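In the working numbering, the protein residues as written are 1113 to 1335.
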């Protein structure tokens, strides 16, 4: 019988997992495409999810054949998204429940493909910044998801081995980063990512409430 790992940390992705921001990104990215008389496909938007902002916008500009650079596209998107984060970011169902369930039992962290500015806007707007031991943004690492660097960095900052960390991710790119880092990875697909590949994760949860129940179950099974 395989040994059940002792979990010490729970790491949350942000966009699409903690808040319903994928809807906001898709609205902005569709509007950006239309401003150049283009239409962006769901396949392109899926490829962008979970990645560092500049990496996602390189895909966007290349797929649509836009006459601007990825850096210019990112500057426009950031301008529009900044206001949406401030006015429209709301907690996903079950977020406060799962935070309350494991606060004080596991080290909590956020590990996001968004930049530090947007991460701080969200945790302050939701008044949850004090619950986390680590807030890790993508502009503080070299390689974005699905590369494991951001999760390895977060685990090191938490002082835990990757095998002792549970990762919650709504995108295939993000979940792949968690698995490559060696973390126990739970996929929590949103309405915008349910068509993506989660076959490689340790568990797929319907939502954060289901994720909390699963984590409680596997923690209770520890020797």
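All residues carry an ideal CB built from backbone N, CA and C; glycine is no exception.
Since this is a predicted model, take the numbers as computed values, not measurements.
Based on the DSSP secondary-structure assignment, which residues constitute the bridge partners of residue i?
i, result
"residue 1295", "According to DSSP, which records beta bridges pairwise, residue 1295 is partnered with nothing at all."
"residue 1124", "1222, 1280"
"residue 1248", "1223"
"residue 1316", "1299"
"residue 1289", "DSSP output for residue 1289 lists no bridge partner at all."
"residue 1131", "1127, 1203"
"residue 1215", "1218"
Just the C-alpha distance for residue i and residue j, rounded to the nearest angstrom, thanks.
i, j, result
"residue 1271", "residue 1286", "21 Å"
"residue 1139", "residue 1334", "43 Å"
"residue 1283", "residue 1147", "27 Å"
"residue 1136", "residue 1193", "7 Å"
"residue 1314", "residue 1260", "16 Å"
"residue 1220", "residue 1304", "25 Å"
"residue 1125", "residue 1267", "13 Å"
"residue 1229", "residue 1275", "29 Å"
"residue 1218", "residue 1320", "16 Å"
"residue 1332", "residue 1307", "32 Å"
"residue 1176", "residue 1190", "19 Å"
"residue 1205", "residue 1184", "34 Å"
"residue 1132", "residue 1232", "16 Å"
"residue 1120", "residue 1178", "45 Å"
"residue 1249", "residue 1227", "5 Å"
"residue 1262", "residue 1289", "8 Å"
"residue 1241", "residue 1208", "12 Å"
Let me know the secondary structure DSSP gives residue i once reduced to three states.
i, result
"residue 1275", "helix"
"residue 1180", "coil"
"residue 1253", "coil"
"residue 1153", "coil"
"residue 1161", "coil"
"residue 1334", "coil"
"residue 1325", "helix"
"residue 1259", "coil"
"residue 1336", "Nothing in the structure corresponds to residue 1336, since the chain is present only between 1113 and 1335."
"residue 1143", "helix"
"residue 1175", "helix"
"residue 1307", "coil"
"residue 1114", "Because the pLDDT of residue 1114 is 48, which lies under 50, any placement of that residue in the model is unreliable, and the number read from its coordinates should be weighed accordingly. Coil at residue 1114, not helix or strand."
Excluding the 5 residues flanking residue i on each side, which residues of the same chain have their C-beta closer than 7 Å to its C-beta?
i, result
"residue 1163", "1225, 1256, 1257, 1285"
"residue 1114", "With a pLDDT of 48 at residue 1114, under the threshold of 50, the predicted position of this residue should be treated as unreliable, and no value is reported."
"residue 1302", "1128, 1134, 1282"
"residue 1182", "1166, 1169, 1170, 1173"
"residue 1188", "1144"
"residue 1210", "1320, 1323, 1324"
Enumerate in chain order the residues of its own chain whose CB-to-CB distance from residue i is below 6 Å, with the five nearest sequence positions on each side excluded.
i, result
"residue 1298", "1280, 1315, 1317, 1323"
"residue 1159", "1171"
"residue 1296", "1278, 1314"
"residue 1309", "1284"
"residue 1222", "1124, 1126, 1244, 1247"
"residue 1214", "1122"
Leaving out five residues before and five after residue i in sequence, what residues of the same chain have Cβ atoms less than 8 Å from its Cβ?
i, result
"residue 1143", "1192"
Is it the case that the CB of residue i approaches a heavy atom of the ligand COA more closely than 7 Å?
i, result
"residue 1225", "Summarising the ligand content, the structure contains no ligands, and the ligand COA is consequently not present."
message: For the structure I just gave you, are there three or more beta carbon pairs, one from the region 1233 to 1242 and one from the region 1192 to 1207, closer than 8 Å?
response: Yes, the region 1233 to 1242 touches the region 1192 to 1207.
- prompt: Does the region 1142 to 1157 come close enough to the region 1165 to 1183 that 3 or more CB-CB pairs lie under 8 Å?
  reply: With three or more CB-CB distances shorter than 8 Å, the region 1165 to 1183 counts as touching the region 1142 to 1157.
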